[in-house]
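Okay, structure first, notes after.
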Amino acid sequence: MAKARVLDRRRKSIRGIRKITRTMELISTAQFKRAMNRATAAAAYTRRITALVGHLARSGLEVSHPLLEPRPEPKQATLLVLSANRGMCAGYNAGVLRQAVTRYNELANVASEVSLEVVGKRGISAFRFRKIPIDEAFTHFEDRPSFAEVDVLAERYLQDFTAGRLDRLDVAFTRFESASHRQAVVETLLPLGSLQGAEDKAPARETQYEFLPSAASILDEVVPMSFRVRLFKCFLDAAVSEQIARMVAMKTATENADGMISHLSMAYNRARQGQITGELLEIIGGADALNG
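Everything in the sequence shown is counted per this note's numbering, starting at 493 for the first residue and increasing by one.
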């Protein structure tokens, strides 16, 4: 009887855990769909404006822009790491942090000073555990980052880069390519001359541009905006990748719970059958003794 009770208690406990993981799976699925719609909507615009800036950077224009000028020997570099505020998303945070630590060490070898800025409680805890100093920490970016929130960061980076207080900006995040394919990467967003558009896979050819009303006015609008939307796209990719990772992790946990419940149910039934058989044998034995 004791064994059957233990198995039943354990089965009830796992059923309770399964309810939690199933609920989290459903929530993550809904959040993933919303995040994917936002990321998909921004992807086309980001690709086009990034490709345009890439063409401008290589077109040999007489009018240049500070954000397009390469800085081969950066003195001040910044690494921005996009991680999650919550766990239960499998290896999502581990992949980003692995790439971030590698790039941080690389930047420390080429730049005089490296500033580390981390988004997400998981990333903050990981870098503090590794004794790596964090210059800026952000925990207010949730599952649906707004353009206004990200633009505050973008404006500061643009001002620092233009004023010479920043020579290079790298962003570590998980790039969303499809629901089944995500990749932790580190991209250099400043200077913009390092960006490559999707249409740049073909050999570059010389392009003639005509600017109205002037090249300077067009560049002053297009170039900073390309950086803003590129940074925002990094946040959107990170958000949708986090939700996919959590959805898959909770789905796997739910399936594992189903398997354990099935196994425990079989073990409980065997234990209960053995208990009933033993009780019947005792009753039959007692009846035989009375009749004898």
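The beta carbon of each residue, even a glycine, is placed where N, CA and C say it ideally should be.
Short Cβ contact (8 Å threshold) for residue i with residue j
| i | j | result |
| --- | --- | --- |
| L684 | L571 | no |
| L574 | V588 | yes |
| A664 | R720 | no |
| R510 | D750 | yes |
| R657 | I736 | no |
| Y537 | S733 | no |
| V644 | I626 | no |
| Q859 | A676 | The structure shown does not extend to residue 859, since the chain is modelled only from 493 to 784, so the question has no answer here. |
| L608 | P716 | no |
| Y636 | G579 | Inspection of the sequence shows that residue 636 is occupied by Arg rather than by Tyr. No. |
| A763 | A496 | yes |
| A527 | P566 | no |
| T521 | N577 | no |
| L682 | L704 | no |
According to DSSP, residues forming a beta bridge with residue i
| i | result |
| --- | --- |
| Q568 | E605 |
| L682 | L661 |
| V677 | F665 |
| F630 | V611 |
| L574 | V611 |
| S718 | DSSP lists no partner for S718. |
| S824 | With the chain running from 493 to 784 in the structure shown, residue 824 is simply not present. |
| S709 | None, per the DSSP bridge assignment. |
| S670 | H673 |
Burial state of residue i (16 or more Cβ within 10 Å)
| i | result |
| --- | --- |
| R722 | buried |
| T654 | exposed |
| R711 | Reading off the sequence, residue 711 comes out as Leu, not Arg. Its Cβ being crowded by 16 or more others within 10 Å, L711 is buried. |
| D480 | Outside the shown range of the chain (493 to 784) lies residue 480, about which nothing can therefore be said. |
| F668 | buried |
| G770 | exposed |
| Q765 | exposed |
| S718 | buried |
| T532 | exposed |
| F619 | buried |
| A781 | exposed |
| F524 | buried |
| A731 | buried |
Residues of its chain near residue i, where Cβ-Cβ distance is below 7 Å and the 5 sequence neighbours each way are ignored
| i | result |
| --- | --- |
| E641 | F633 |
| P695 | Residue placement at P695 is poorly supported in this model, since its pLDDT is 45, which falls under 50; the coordinates still yield a value, given next. Counting only Cβ-Cβ distances below 7 Å, and skipping sequence neighbours, we find nothing. |
| F582 | The question names Phe, yet the displayed sequence has Ala at residue 582. Counting only Cβ-Cβ distances below 7 Å, and skipping sequence neighbours, we find A737, V740 and A741. |
| A671 | I736 |
| I512 | none |
| F639 | F724 |
Cβ-based neighbour list, residue i, same chain, cut-off 6 Å, excluding 5 preceding and 5 following
| i | result |
| --- | --- |
| C726 | V663 and F665 |
| E691 | Model confidence at E691 stands at a pLDDT of 44, short of 50, so the residue's coordinates are unreliable; what they give is reported in the following sentence. Hits under 6 Å: A543. |
| E605 | Q568 |
| A534 | K725 and L728 |
| A600 | V606 |
| E679 | V663 |
| Y596 | L571 |
| I775 | none |
| A629 | V610 and I616 |
Beta carbon proximity, residue i to chain C, threshold 8 Å
| i | result |
| --- | --- |
| A533 | Absent from the structure: chain C. Only one protein chain is present. |
Spatial neighbours of residue i in its chain, beta-carbon cut-off 8 Å, leaving aside the 5 residues before and after
| i | result |
| --- | --- |
| I753 | R503, I506, R507 and R510 |
| L756 | L499, R502, R503 and I506 |
| K693 | Confidence at K693 is low in this model, with a pLDDT of 47, below 50, so its placement is unreliable and the value that follows should be read with caution. Excluding sequence neighbours, K693 sits near nothing in its chain. |
| T761 | One point to set straight first is that residue 761 is Asn, not Thr, in the sequence displayed. Same-chain partners within the cutoff: there are none. |
contact_flag[the segment 730-744, the segment 514-521] where n(CB pairs < 8 Å) is 3 or more: yes
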